[in-house]
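Below is one structure, written out as structure tokens; comments come after it.
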Ligand SMILES: [Zn+2]
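In the numbering used here, the protein residues as written are 560 to 628.
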């Protein structure tokens with residue numbers, strides 16, 4: 560019985576569509592599954608969909624000071 564040597568595979572989810580795929584360094588679109596997803600993500604970045612919501616630093620700081628009294 561032939562025992563095919565298995566290479567460990569890393570499965571990653573496409574950041575755009577979530578499709579799980581085997582990580583392949585020959586995949587020029589990684590970590591995306593396809594050129595389409597890669598392009599979609601670039602468009603999303605351009606539209607600032609990836610902007611991190613959060614309080615302005617100043618607000619957080621003054622809140623913290625009040626809490627220390
Ligand atoms: Zn995808």
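All residues carry an ideal CB built from backbone N, CA and C; glycine is no exception. The structure presented is a predicted model; accordingly, all values stated were derived computationally and were not measured.
Residue i: CB within 8 Å of a non-hydrogen atom of ligand 1
i, result
"residue 613", "no"
"residue 575", "yes"
"residue 595", "yes"
"residue 568", "no"
"residue 538", "Outside the shown range of the chain (560 to 628) lies residue 538, about which nothing can therefore be said."
Could you tell me which uninterrupted beta strand (DSSP E) segments, each at least 3 residues in length, are contained entirely in the region 576–602, listed from first to last along the chain?
579–581
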